[in-house]
Amino acid sequence: MKLRQLIISYVLPLAWKAFPGRKIAALQNFSQVEIDSGWQSLHVIPLVPDSRTKKVLFLHALEEFRHGELFDSLCTRLSPAYLSRPAFRRKPMLRGGGGPDALLDFMAGTYVGERDVNEDFRYYSQARVDPEIRAAFSSIMAEEQGHEEEADGYLVRFAGGDRRKVRLRIWKHSFLRLYRLYTGLLQELGEIPLSILLTGAYFVLGPFLYLPLKRRLFLPKEDQLAIMKAQITSLKTELNRE
Amino acid sequence: MKILGISSNYHDAAAALVIDGVLVSTATEERFSLIKHDPSFPRMAIDSCLEVAGLAPKDIDLVAYHEEPEVKISRSLASAFLRFPFSLPTFLASMRETASSSLWVRYEVTKQLGIDPQKVAVVPHHISHAAYSCLCSPFPETVGLTLDAVGEWTSSGIFSCRTDGERTEIEPVDVTPFPHSIGLVYSSFTSYLGFRANDAECSTMALAAFGRPRFADEMRKIIQVDSDGAYRVDLSYFDFGITKAPPVTRKLTSIFGPARAHSQVLSWDALGECSPDPESQRAADIAASLQLVTEEAVLGLARRAKRLTGLSQVSLSGGVAMNCVANAKLAGSGIFEGIFVPPDPGDGGGAAGAALYVSLIKTGRRPGAKNFHPYLGQEYSERDALEILNELDKGKSLFRIETLEPSVLVDETARALASGKIIGWFQGRFEHGPRALGNRSILARPGDCALARRLSSRVKKRAAFRPYALSVAEEWSQRIFGNLAGGVAPYRWMQVAATVNPELRSSLRAALHIDGTTRPQVCGPTDNPLFHQLLSAFGEVSKGPAALLNTSFNGSGLPLVARPTDALMMFLRTDMDLLVLNRTVIRKLASSAELGELGLR
Numbered sequence: 035m036k037l038r039q040l041i042i043s044y045v046l047p048l049a050w051k052a053f054p055g056r057k058i059a060a061l062q063n064f065s066q067v068e069i070d071s072g073w074q075s076l077h078v079i080p081l082v083p084d085s086r087t088k089k090v091l092f093l094h095a096l097e098e099f100r101h102g103e104l105f106d107s108l109c110t111r112l113s114p115a116y117l118s119r120p121a122f123r124r125k126p127m128l129r130g131g132g133g134p135d136a137l138l139d140f141m142a143g144t145y146v147g148e149r150d151v152n153e154d155f156r157y158y159s160q161a162r163v164d165p166e167i168r169a170a171f172s173s174i175m176a177e178e179q180g181h182e183e184e185a186d187g188y189l190v191r192f193a194g195g196d197r198r199k200v201r202l203r204i205w206k207h208s209f210l211r212l213y214r215l216y217t218g219l220l221q222e223l224g225e226i227p228l229s230i231l232l233t234g235a236y237f238v239l240g241p242f243l244y245l246p247l248k249r250r251l252f253l254p255k256e257d258q259l260a261i262m263k264a265q266i267t268s269l270k271t272e273l274n275r276e
Numbered sequence: 002m003k004i005l006g007i008s009s010n011y012h013d014a015a016a017a018l019v020i021d022g023v024l025v026s027t028a029t030e031e032r033f034s035l036i037k038h039d040p041s042f043p044r045m046a047i048d049s050c051l052e053v054a055g056l057a058p059k060d061i062d063l064v065a066y067h068e069e070p071e072v073k074i075s076r077s078l079a080s081a082f083l084r085f086p087f088s089l090p091t092f093l094a095s096m097r098e099t100a101s102s103s104l105w106v107r108y109e110v111t112k113q114l115g116i117d118p119q120k121v122a123v124v125p126h127h128i129s130h131a132a133y134s135c136l137c138s139p140f141p142e143t144v145g146l147t148l149d150a151v152g153e154w155t156s157s158g159i160f161s162c163r164t165d166g167e168r169t170e171i172e173p174v175d176v177t178p179f180p181h182s183i184g185l186v187y188s189s190f191t192s193y194l195g196f197r198a199n200d201a202e203c204s205t206m207a208l209a210a211f212g213r214p215r216f217a218d219e220m221r222k223i224i225q226v227d228s229d230g231a232y233r234v235d236l237s238y239f240d241f242g243i244t245k246a247p248p249v250t251r252k253l254t255s256i257f258g259p260a261r262a263h264s265q266v267l268s269w270d271a272l273g274e275c276s277p278d279p280e281s282q283r284a285a286d287i288a289a290s291l292q293l294v295t296e297e298a299v300l301g302l303a304r305r306a307k308r309l310t311g312l313s314q315v316s317l318s319g320g321v322a323m324n325c326v327a328n329a330k331l332a333g334s335g336i337f338e339g340i341f342v343p344p345d346p347g348d349g350g351g352a353a354g355a356a357l358y359v360s361l362i363k364t365g366r367r368p369g370a371k372n373f374h375p376y377l378g379q380e381y382s383e384r385d386a387l388e389i390l391n392e393l394d395k396g397k398s399l400f401r402i403e404t405l406e407p408s409v410l411v412d413e414t415a416r417a418l419a420s421g422k423i424i425g426w427f428q429g430r431f432e433h434g435p436r437a438l439g440n441r442s443i444l445a446r447p448g449d450c451a452l453a454r455r456l457s458s459r460v461k462k463r464a465a466f467r468p469y470a471l472s473v474a475e476e477w478s479q480r481i482f483g484n485l486a487g488g489v490a491p492y493r494w495m496q497v498a499a500t501v502n503p504e505l506r507s508s509l510r511a512a513l514h515i516d517g518t519t520r521p522q523v524c525g526p527t528d529n530p531l532f533h534q535l536l537s538a539f540g541e542v543s544k545g546p547a548a549l550l551n552t553s554f555n556g557s558g559l560p561l562v563a564r565p566t567d568a569l570m571m572f573l574r575t576d577m578d579l580l581v582l583n584r585t586v587i588r589k590l591a592s593s594a595e596l597g598e599l600g601l602r
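Take a look at the structure:
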């Protein structure tokens, strides 16, 4: 059994039980990841030369949006209140022109993503989490398996049947995923000292900043208006100098 | 001079392109990312604006950003310390947000577009709002009334926009400083009533129509409007300094009761009689009270603005200016002779406002607003969508696809609408702002409540208490609405509610709220010629009013569609009967079940 499987199967259900908020956040994240996968496919359609591939990408997007909606509705049902939407930035995997090489790269990225998601979903469907969450994962697993196979087929096609080229691209994207995981982990770790530092600053500076900031917050409207007028004057000066 | 306007980092990030004083293109990032209210740097919206004008980032002379990031940070810091020492989570969240985005606006512009940071000008948030509404309005001189939740240190502002000879100046006259904000109060109650804040304020407004304002006196203690029209908020009812939803204190819940759970279904129906449960009644009464006092505050500010400036026209902006019921009260109040509400008064319009303001400073001349229209998004060919459809259809006959001449297209669509079809109508450049104005619309016949219910449950997936809007051919406006307060102009973009003539209500019932009002788009022959033709053709075919139920072309939780493939996806995923993509009509020949079996739902 892999470490990831162990964590998802045994540690995660306990963590979700202890901190239900994490469960909701995880479901929100799944929803975003699925929709993002669909969005990437939609985004690449105009760059693809043939109708058949366009169709496959479109169907892929259709399924991924449905999966996203499924997780989103689960999230709404299980959450006690509407949650603010998590910050999620779209970053097109393929930007600018298409071309066979760019499409091969896109498809390799898609394949690696689908492969990993597929594996994770299998673990989640067997983990001792809420039955309806398990059922959701089970219900979409077959489609996710199909996405992985489709991506594999297209990879070979875009590489002109060159399996070695395909393997190299898959390695590249597997490495990139690991690298992103690593940097993500570093960022999370980095947030711990940052949070400690900020907490320290909050309590040390707070007593000194509290009153001046509160005074600033409740500045009379005349003073506030004067500040806005000064902002405008400064902007005009800056623009007229250029 | 080519000026790129940008707004980002709160909600509804957007880009706008102003060339020689003319707003050439503008779009919100959500249209491309499909993340509703997407706040992230609007790279795709920028690309789209540049593509419309055939420009590259290197061609841009100046970038105008819609707020001063450093000032915003100082306000975030102050509000985080408001509840010291109990606001640590808010402080940490605020500092993280600052560190990741707000601080680096100039750097982000340079990194993303390769533009010199010296070319980035930051425009105060409320000036961006005011410039957008004033400079796009048809009025030579106007009050700019900004009604926002918060922007930098201000929540609402009164501006004068005057022209002296060739020179136009926009000057601030009065401000309401944060945290006294009707926008924040409205959002907090939206969250308290079980809706998503900064998103579903329209649900609170819709709910208000079912209630009685029995909490109005309590609400007046929260929003206190002075005799001079200024207002203040009693902050002891709210926890703005602490990250929690809803941000209300025990003092508020002791008066209004506990916050409503979002999972509790409201037993109201905009389309018919209903017997509400006590909880639904309480929620509606709170919403009605909030709406009433919000209107009083808006009218108070309007009177104050009139007194301070002496101007007789008003242009509204800021998120609260999307409250079409309050706008209607203002239009009907007679305080001003004319009222203008632009298509996107919220932060999405801030990008255009910032760019227009910088253009005004550089030239001193007011940009031409005579030909201002809301169709400022990008236009797309339907080629990809048709290729996909033809592939899907191979050997299966799932769809009938026809490309038609405009006049035939209009007749066919009008006939289909009259026969009770739900139609996705996708034409040309997409609308600027959150309202579907006949280029990205879902249409249905307006007298058929059963059809509207199907639309709610099988297409839009939205709550029954929310009403639909009505698009009307201008020739029918007088018959449907009588004399509209302030003339027809404010009613062109669904920004002001109007009451429908009782005699015509039954034939338009599906597009009306429970109180007989609707949020109309009065469409003239020059506003949107093809859509106007469709409205007129529908009137002829159905032998009734030239009017259609019009709702935005989007799925639940998603923004309005921009591209044909997005539209096609929504068409397939829902119970829409027909999709019109520019000149092509697509009909479903297969049943929903058959499409489902093929993975097309």
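Chains as they are written, first to last, in this note's numbering: chain B, 35 to 276; chain Y, 2 to 602. Even glycine gets a Cβ: it sits at the ideal position worked out from N, Cα and C.
Quiz item: Do you know how far the Cα of Y:W477 is from the Cα of Y:C524?
Solution: Roughly 10 Å separates the two Cα atoms.
Quiz prompt | Contact set for B:E177: own chain, Cβ-Cβ below 8 Å, skip 5 residues either direction | solution = Result list for B:E177: E97, H101, in chain order.
Practice problem: Can you give me the start and stop residues for the alpha helix (DSSP H) that Y:A353 sits inside? | Solution: Per DSSP, Y:A353 belongs to the alpha helix (DSSP H) from 351–364.
Practice problem: Could you tell me whether the Cβ atoms of Y:V64 and Y:I116 are closer together than 8 Å? | Solution: For Y:V64 and Y:I116, yes; Cβs fall inside 8 Å.
Practice problem: May I ask you to verify whether the region 462–472 of chain Y touches the region 535–554 of chain Y, counting CB pairs closer than 8 Å and requiring at least 3? | Solution: Result yes; three or more Cβ-Cβ pairs closer than 8 Å.
Practice problem: Verify whether the separation of the beta carbon atoms of Y:D200 and Y:H38 is less than 8 Å. | Solution: Contact: yes.
Practice problem: Step through the CB atoms of chain Y and report whether any lies within less than 8 Å of the CB of B:Q221. | Solution: Not closer than 8 Å to any Cβ of chain Y, the Cβ of B:Q221 fails to qualify, so no.
Exercise. Using DSSP bridges, identify the partner residues of Y:Q225.
Key: Note: Y:Q225 is bridge-paired with Y:R233 in the DSSP secondary-structure output.
Exercise. Measuring alpha carbon to alpha carbon, tell me which of Y:G166, Y:V23, Y:V144, Y:T575 ends up nearest Y:I159.
Key: Of Y:G166, Y:V23, Y:V144, Y:T575, the residue nearest in Cα terms is Y:V144.
Quiz prompt | Exposure of Y:N328, with buried meaning 16 or more beta-carbon neighbours within 10 Å | solution = With 16 or more Cβ atoms within 10 Å of its Cβ, Y:N328 is classed as buried.
Exercise. Let me know if Y:P526 comes out buried or exposed under the rule of 16 or more other beta-carbons within 10 Å of its beta-carbon.
Key: Exposed, because fewer than 16 other Cβ atoms sit within 10 Å of the Cβ of Y:P526.
Quiz prompt | Distance CB(Y:V124)-CB(Y:A355) smaller than 8 Å | solution = Taking 8 Å as the Cβ cut-off, Y:V124 and Y:A355 qualify as a contacting pair.
Quiz item: Is Y:K73 near Y:S103, with beta carbons less than 8 Å apart?
Solution: Result yes, Cβ atoms of Y:K73 and Y:S103 sit closer than 8 Å.
Quiz item: Of all the CB atoms in chain B, is at least one closer than 8 Å to the CB of Y:S9?
Solution: Output row for Y:S9: interface = no.
Quiz item: Any beta-carbon of chain B closer than 8 Å to the one on Y:V124?
Solution: It does: the Cβ of Y:V124 has a partner Cβ on chain B nearer than 8 Å.
Exercise. Tell me whether the beta-carbon of Y:G184 lies closer than 8 Å to the beta-carbon of Y:A231.
Key: Going by beta carbons, Y:G184 and Y:A231 fall outside the 8 Å limit.
Quiz item: Does the region 321–339 of chain Y come close enough to the region 483–501 of chain Y that 3 or more CB-CB pairs lie under 8 Å?
Solution: Contact between the region 483–501 of chain Y and the region 321–339 of chain Y is present, because at least three Cβ pairs lie under 8 Å.
Quiz item: So is Y:Q428 buried or exposed if we call it buried at 16+ other beta carbons inside 10 Å?
Solution: By the neighbour-count rule (16 or more Cβ atoms within 10 Å), Y:Q428 is buried.
Practice problem: Name the two residues that bound the continuous beta strand (DSSP E) containing Y:Q314. | Solution: Looking at the DSSP string, the run of the beta strand (DSSP E) that includes Y:Q314 is 314–318.
Self-check item: Whole-angstrom C-beta distance between Y:I423 and Y:D578, which should lie under 8 Å
Solution: Y:D578 to Y:I423, Cβ: 5 Å. Contact.
Quiz item: Can you give the beta carbon distance from Y:L567 to B:P80, rounded, assuming they're within the 8 Å contact cut?
Solution: Correcting the residue type first, residue 567 of chain Y is Asp in the shown sequence and not Leu. Not quite, the Cβ-Cβ distance comes to about 12 Å (not below 8 Å), so this is no contact.
Quiz prompt | 8 Å Cβ cutoff met for B:H207 and B:G143 | solution = Contact: yes.
Quiz prompt | Rounded separation between Y:V174 and Y:L309 - CA only | solution = Taking the straight line joining both Cα atoms gives about 7 Å.
Practice problem: Mark Y:A15 as exposed unless 16 or more other C-beta atoms lie within 10 angstroms of its C-beta, in which case mark it buried. | Solution: Flag for Y:A15 reads buried.
Self-check item: chain B contact for Y:K363 (CB, 8 Å cutoff)
Solution: Closer than 8 Å to some Cβ of chain B, the Cβ of Y:K363 qualifies, so yes.
Exercise. For Y:W154, go through chain B and note every residue whose CB falls closer than 9 Å to its CB, in chain order.
Key: The answer, in chain order, is R250, L251, L253, Q258, I261, M262.
Quiz item: By the criterion of Cβ-Cβ separation under 8 Å, what are the contact partners of B:S85 in chain Y?
Solution: Going along chain Y in sequence order, the residues near B:S85 (Cβ under 8 Å) are E388, I389, N391, E392.
Self-check item: Per-residue burial, Y:S620 [other beta carbons within 10 Å of its own, 16 or more giving buried]
Solution: A question about residue 620 of chain Y goes unanswered here, because the residues of chain Y that appear run from 2 up to 602.
Quiz item: Rounded to a whole number of angstroms, what is the C-alpha to C-alpha distance between Y:H514 and Y:A210?
Solution: Distance between the alpha carbons of Y:H514 and Y:A210 is about 8 Å.
Quiz item: In or out: B:V238 buried (at least 16 other Cβ within 10 Å) or exposed?
Solution: It is exposed - the Cβ of B:V238 has fewer than 16 other Cβ atoms within 10 Å.
Quiz item: chain Y beta carbons: is any one of them nearer than 8 Å to that of B:G57?
Solution: For the record, residue 57 of chain B in the displayed sequence is Lys; it is not Gly. Not an interface residue.
Quiz item: How big is the Cα-Cα spacing for B:G187 and Y:L596?
Solution: Straight-line Cα distance between these residues: approximately 25 Å.
Quiz item: Whose C-beta lies closer than 6 Å to the C-beta of Y:E280 among residues of the same chain, with five residues either side of it excluded?
Solution: Its chain contains no residue whose beta carbon lies nearer than 6 Å to that of Y:E280 once the 5 sequence neighbours on both sides are disregarded.
Quiz item: How is the alpha helix (DSSP H) around Y:E98 delimited, first residue to last?
Solution: Per DSSP, Y:E98 is one residue of the alpha helix (DSSP H) stretching across 89–101.
Quiz prompt | Which of helix, strand or coil DSSP assigns to Y:Q522 | solution = In this structure, Y:Q522 counts as strand in the three-state DSSP scheme.
Practice problem: Below 6 Å CB to CB, which residues in the same chain sit around Y:F341 once its five sequence neighbours on both sides are set aside? | Solution: Closer than 6 Å at the Cβ level, and outside the excluded window around Y:F341, lie S138, S316.
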